[in-house]
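There are 2 protein chains.
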Amino acid sequence: MEYMYAHVSIDCVVFGFDGRELNILLIEKEGTTDLKLPGSLIYQMEDTDSAAQRVLFELTGIRRMSLKQFRCFSSPDRTADVRDVAWLESTYGHPVGRLITIAYLSLCKINRTLSAAAHSSGARWCPVSGVPVMPFDHNRIVEESLGEIRQWIETEPAMLFELLPSKFTLSELRGLYQAIYRKRFDIRNFCKKVARMAYVVRLDEKQTDVAHRAAHYYKFDRIAYNRTRRAVE
Amino acid sequence: MEYMYAHVSIDCVVFGFDGRELNILLIEKEGTTDLKLPGSLIYQMEDTDSAAQRVLFELTGIRRMSLKQFRCFSSPDRTADVRDVAWLESTYGHPVGRLITIAYLSLCKINRTLSAAAHSSGARWCPVSGVPVMPFDHNRIVEESLGEIRQWIETEPAMLFELLPSKFTLSELRGLYQAIYRKRFDIRNFCKKVARMAYVVRLDEKQTDVAHRAAHYYKFDRIAYNRTRRAVE
DNA sequence: TCAAAAGTGTTCGATATACACCCATGC
DNA sequence: GCATGGGTGTATATCGAACACTTTTGA
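As given, the protein sequences belong to chains Y and C, one line each in that order.
Going by our numbering, 136 is the number at position 136 of the first sequence; the sequence numbering is gapless.
Every position in the second sequence, counted from 1, becomes a number in our numbering once 1000 is added.
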């Protein structure tokens, strides 16, 4: 039997938070208006981790982003759709044959400025509750990523704050927890929980111009965070 | 630049527990007495999950084993050692070039009978505290697997019992926790913890022929386990 | 003055941790 | 009778869950 000889791609599931629900950054499939995960074949001498950085930068302008590999998708069926294969071959200019992909997870502030490259690749945020049908196994990759994001945040809670502006209110933070865990958190219990997190500190500053009582802003204190992390280990 | 076109292998980190510490199943590098992780190139039309099942079966006779993919290792440096490359080419009978591997984690009763295939591949258990220097990045794969095993067991505690005989004592179970978390658990607190696990049930049977008070045997009750799991979700 | 969101305290049950002694058995 | 490991209970701290009202602000 013949040994696998495969092209390798990267696909990135980049999450953003719009204050209400999680969104995913999708790009247009080159030459169409269909959406897909940002991803690309990688080069012969690349490591997948650095390839993921590169691919995300080229498609969206996002650099120095925390990226976490979460799974290899290798089913022969992932290129079962002949339209996907035709698109691959026209995009890369040669037959692609067997293709496996390494999926990465990333978190990003949703108002982060995307580059000109991002505009030309038709990048846009799409709520997780409404992701369209996508080529290959991209829908499956997105589904699996939703479980991974919780695990990532449990082992490294600092990651949460990659999704929030540098100053945020308690209700934004609570909304984020609710979006990730898909359940309500009681306000009073949530405030106590946050009070126990030494690395979430209240600022003197408050909201202005809101049609109700102004909320305090909070910030993430990385130094305090590293202290507590070292204490845990 | 040239797109990656790579051979793909599977490497399995199979853990066993000898009552004292975690062990890893290693095989002899074909044609040598050096040890390495059980693994192999995979075939063109295989999915990595089924390839992992196949490879493990061919090398050790272990079938129907829980296997969990945990990471792709793709650094170009992983084939930096020319001896590793020479071995690959002589084993597979053709040049291999770029090679990435998908690492799997598995848990196994250490006294499980290995097949004739296992003997011919020189399979043996090796304590994690004393794994030899291995080819490629196998030492790194083992290091990373040690963190993964805890995560796996936290999300799916039933996995623990794949490492124990079907009847086991509390001190065996405690020894296993201690090996995995690399810390002592107080006996009294540990007994209480186990008492809370509805899926670990005490049998009437006791040890015999021991030079001290005989311990009760316990067993894992999968039905009770599934009940508690469903309650959690 | 009303609508809308901010923010605060108590009680309960579950769990983790710390800690010391008597029990059963084979030798 | 002694060495060896088996097995039990109490006190404290932390944490998650349930639950309702007052405060601030702009419109």
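All C-beta atoms, glycine included, are put in the ideal place defined by N, C-alpha and C.
Check: If you draw a straight line from the alpha carbon of Y/F15 to that of Y/H119, how long is it in whole angstroms?
Finding: For the purposes of this step, residue 15 of chain Y is identified with residue 15 of the first sequence, where counting begins at 1. For the purposes of this step, residue 119 of chain Y is identified with residue 119 of the first sequence, where counting begins at 1. Taking the CA atoms as reference points, Y/F15 sits about 18 Å from Y/H119.
Margin query: Just to confirm the assignment, what range does the alpha helix (DSSP H) spanning Y/C191 have?
Written below: Here the question's residue 191 of chain Y lines up with position 191 in the first sequence. Following the DSSP letters along the chain, one finds Y/C191 inside the alpha helix (DSSP H) bounded by residues I187 to R196.
Checklist line | the stretch 4-24 of chain Y / the stretch 1102-1114 of chain C touching (three or more Cβ pairs under 8 Å) | finding: No, because fewer than three Cβ pairs between the stretch 4-24 of chain Y and the stretch 1102-1114 of chain C fall closer than 8 Å, the two stretches do not touch.
Next item on the list: Under 8 Å between beta-carbons, which chain Y residues line up against C/T1091? List them in chain order, please.
Entry: Taking the second sequence and counting its residues from 1, one reaches residue 1091 of chain C at position 91. C/T1091 does not reach chain Y, its nearest Cβ partner there being about 11 Å away, counting only Cβ pairs nearer than 8 Å.
Item checked: Assumed close pair C/Y1218, C/L1170 - CB separation to whole angstroms, cut-off 8 Å -> The residue labelled residue 1218 of chain C in the question sits at position 218 within the second sequence. The residue labelled residue 1170 of chain C in the question sits at position 170 within the second sequence. Rounded, the Cβ-Cβ distance is 7 Å, consistent with contact.
Notebook entry, point to check: Under a CB-based cut-off of 8 Å, is C/S1106 close to chain Y?
Noted result: Along the second sequence, one-based indexing puts residue 1106 of chain C at 106. Not an interface residue.
Next item on the list: Check the Cβ of Y/H7 against every Cβ in chain C and list those closer than 9 Å, keeping chain order.
Entry: The sequence position of residue 7 of chain Y within the first sequence is 7, counting from 1. Under a criterion of Cβ atoms nearer than 9 Å, the residues of chain C adjacent to Y/H7 are, in order, Y1003, M1004, Y1005 and A1006.
Checklist line | For C/V1014, the first and last residue of its enclosing beta strand (DSSP E) | finding: Your numbering for residue 1014 of chain C matches position 14 in the second sequence. Unbroken beta strand (DSSP E) run through C/V1014: Y1005 to F1017.
Note to self: Measuring alpha carbon to alpha carbon, tell me which residue in Y/R71, Y/E154 and Y/T113 is nearest Y/T101.
What the structure shows: Counting from 1 along the first sequence, the entry for residue 101 of chain Y is found at position 101. Selected option, being the one with the closest Cα: Y/R71.
Next item on the list: Under 7 Å between beta-carbons, which chain C residues line up against Y/R98? List them in chain order, please.
Entry: Here the question's residue 98 of chain Y lines up with position 98 in the first sequence. Those within 7 Å of Y/R98 in chain C are Q1044.
Notebook entry, point to check: Can you find at least 3 beta carbon pairs, one from the stretch 127-134 of chain Y and one from the stretch 71-91 of chain Y, that sit closer than 8 Å?
Noted result: No, because fewer than three Cβ pairs between the stretch 127-134 of chain Y and the stretch 71-91 of chain Y fall closer than 8 Å, the two stretches do not touch.
Next item on the list: Using a threshold of 8 Å, state whether the C-beta atoms of C/V1096 and C/E1089 are closer than that.
Entry: Taking the first residue of the second sequence as 1, we reach residue 1096 of chain C at position 96. Taking the first residue of the second sequence as 1, we reach residue 1089 of chain C at position 89. Cβ distance < 8 Å, so C/V1096 and C/E1089 count as in contact.
Margin query: Residues of the stretch 1060-1078 of chain C in Cβ contact with chain Y at a cutoff of 7 Å, in chain order, please.
Written below: Listed by position along the chain: Q1069, R1071, C1072, S1074, S1075 and P1076.
Notebook entry, point to check: For C/D1084, which residues in chain Y fall below 9 Å Cβ to Cβ?
Noted result: Working through the second sequence from its first residue, we reach residue 1084 of chain C at position 84. The contact set of C/D1084 on chain Y, defined by CB atoms closer than 9 Å, is empty, because the minimum CB distance reaches about 17 Å.
Next item on the list: Spell out a yes or no on whether the stretch 135-147 of chain Y and the stretch 28-45 of chain Y are touching, meaning 3 or more CB-CB pairs, one atom from each, closer than 8 Å.
Entry: The answer is yes - the stretch 28-45 of chain Y touches the stretch 135-147 of chain Y, with three or more Cβ pairs under 8 Å.
Check: Where does C/S1040 sit, in a helix, a strand or coil, going by DSSP?
Finding: As a first step, residue 1040 of chain C is located in the second sequence; it is residue number 40 there, counting from the start. Reduced to three states, the DSSP call for C/S1040 is strand.
Notebook entry, point to check: Leaving out the 5 sequence neighbours to the left and right, which residues in its chain are closer than 7 Å to C/S1066 when beta-carbon positions are compared?
Noted result: For the purposes of this step, residue 1066 of chain C is taken as residue 66 along the second sequence, with counting starting at 1. S1106, L1107, M1159 and E1162, listed in sequence order.
Notebook entry, point to check: Rounded C-beta distance between Y/W152 and Y/K68? I'm assuming under 8 Å.
Noted result: Here residue 152 of chain Y refers to the residue found at position 152 when the first sequence is read from its first residue. Here residue 68 of chain Y refers to the residue found at position 68 when the first sequence is read from its first residue. That belief holds up - the Cβ atoms of Y/W152 and Y/K68 are roughly 6 Å apart, short of 8 Å.
Item checked: Sheet register partners of C/Y1104 (DSSP bridge) -> By one-based count along the second sequence, residue 1104 of chain C stands at place 104. Answer is C/C1012 and C/Q1069.
Notebook entry, point to check: Since Y/H216 is in the beta strand (DSSP E), which residue starts that stretch and which ends it?
Noted result: One-based indexing of the first sequence puts residue 216 of chain Y at position 216. Per DSSP, the unbroken beta strand (DSSP E) holding Y/H216 starts and ends at H216 to F220.
Next item on the list: Please name the residue in C/R1098, C/I1149, C/T1060 and C/E1148 whose C-alpha comes closest to that of C/S1115.
Entry: Reading the second sequence from its first residue, position 115 is the one you call residue 1115 of chain C. Nearest in C-alpha terms to C/S1115, of all of C/R1098, C/I1149, C/T1060 and C/E1148, is C/T1060.
Item checked: Host beta strand (DSSP E) of C/R1078 (start-end) -> The count along the second sequence starts at 1 and reaches residue 1078 of chain C at position 78. From DSSP, C/R1078 is part of no beta strand (DSSP E); its letter is neither H nor E.
Check: Based on the DSSP secondary-structure assignment, which residues constitute the bridge partners of C/R1124?
Finding: Here residue 1124 of chain C corresponds to residue number 124 of the second sequence, with the count starting at 1. Paired residues: C/L1026.
Notebook entry, point to check: What's the gap between the Cα of Y/E172 and the Cα of Y/H216?
Noted result: Within the first sequence, the letter at position 172 stands for residue 172 of chain Y. Within the first sequence, the letter at position 216 stands for residue 216 of chain Y. Between Y/E172 and Y/H216, the C-alpha separation is close to 11 Å.
Item checked: Closest Cα partner of C/R1174 within the set C/S1009, C/R1112, C/L1041 and C/C1191 -> What you label residue 1174 of chain C is simply residue 174 of the second sequence in a count that begins at 1. It is C/C1191.
Next item on the list: Report yes if the C-beta distance between Y/Y5 and Y/R98 is below 8 Å; otherwise report no.
Entry: As a working mapping, residue 5 of chain Y is identified with position 5 in the first sequence. As a working mapping, residue 98 of chain Y is identified with position 98 in the first sequence. Yes. Within cutoff.
Next item on the list: Use the C-beta contact count for C/L1203: other C-beta atoms within 10 angstroms, 16 or more gives buried, fewer gives exposed.
Entry: Residue 1203 of chain C sits at position 203 when you count from the first residue of the second sequence. So C/L1203 ends up on the exposed side.
Next item on the list: Label C/A1051 either buried or exposed according to how many other C-beta atoms from any shown protein chain fall within 10 Å of its C-beta, with 16 as the threshold for buried.
Entry: What you label residue 1051 of chain C is simply residue 51 of the second sequence in a count that begins at 1. With 16 or more other Cβ atoms from the protein chains shown falling within 10 Å of its own Cβ, C/A1051 counts as buried.
Margin query: When you compare the CB of Y/D81 with every CB in chain C, is at least one pair closer than 8 Å?
Written below: For this step, residue 81 of chain Y is matched to residue 81 along the first sequence. So no, Y/D81 is outside the interface.
Margin query: Comparing C-alpha positions only, which one of C/A1123, C/N1226 and C/A1211 sits nearest to C/A1234?
Written below: The question about residue 1234 of chain C has no answer, for chain C in this structure spans 1001 to 1233.
Notebook entry, point to check: According to DSSP, which residues form a beta bridge with Y/L99?
Noted result: Taking the first sequence and counting its residues from 1, the one referred to as residue 99 of chain Y is at position 99. Beta-bridge partners assigned by DSSP to Y/L99: Y/H7.
Note to self: Taking the alpha helix (DSSP H) that C/E1143 belongs to, which residues open and close that run?
What the structure shows: Numbered from 1 along the second sequence, position 143 holds the residue referred to as residue 1143 of chain C. It spans H1138 to T1155 - the alpha helix (DSSP H) in which C/E1143 sits, taken as one unbroken run.
Notebook entry, point to check: Start and end of the alpha helix (DSSP H) containing C/D1049?
Noted result: Within the second sequence, numbered from 1, the residue matching residue 1049 of chain C stands at position 49. Start and end: T1048 to T1060.
Item checked: Outcome for C/E1046 when other beta-carbon atoms lying within 10 angstroms are tallied against a minimum of 16 -> Numbered from 1 along the second sequence, position 46 holds the residue referred to as residue 1046 of chain C. It counts as buried.
Check: Within this structure, are the beta carbons of C/I1180 and C/L1022 separated by less than 8 Å?
Finding: In the second sequence, counting from the first residue as 1, residue 1180 of chain C sits at position 180. In the second sequence, counting from the first residue as 1, residue 1022 of chain C sits at position 22. Yes, the pair counts as a contact, with Cβ atoms nearer than the cut-off.
Note to self: Let me make sure I understand the geometry here. Which of Y/Y43, Y/D221, Y/P127 and Y/T32 has the alpha-carbon closest to that of Y/A86?
What the structure shows: As a first step, residue 86 of chain Y must be located in the first sequence, where it is residue number 86. Of the listed residues, the one whose Cα sits closest to Y/A86 is Y/T32.
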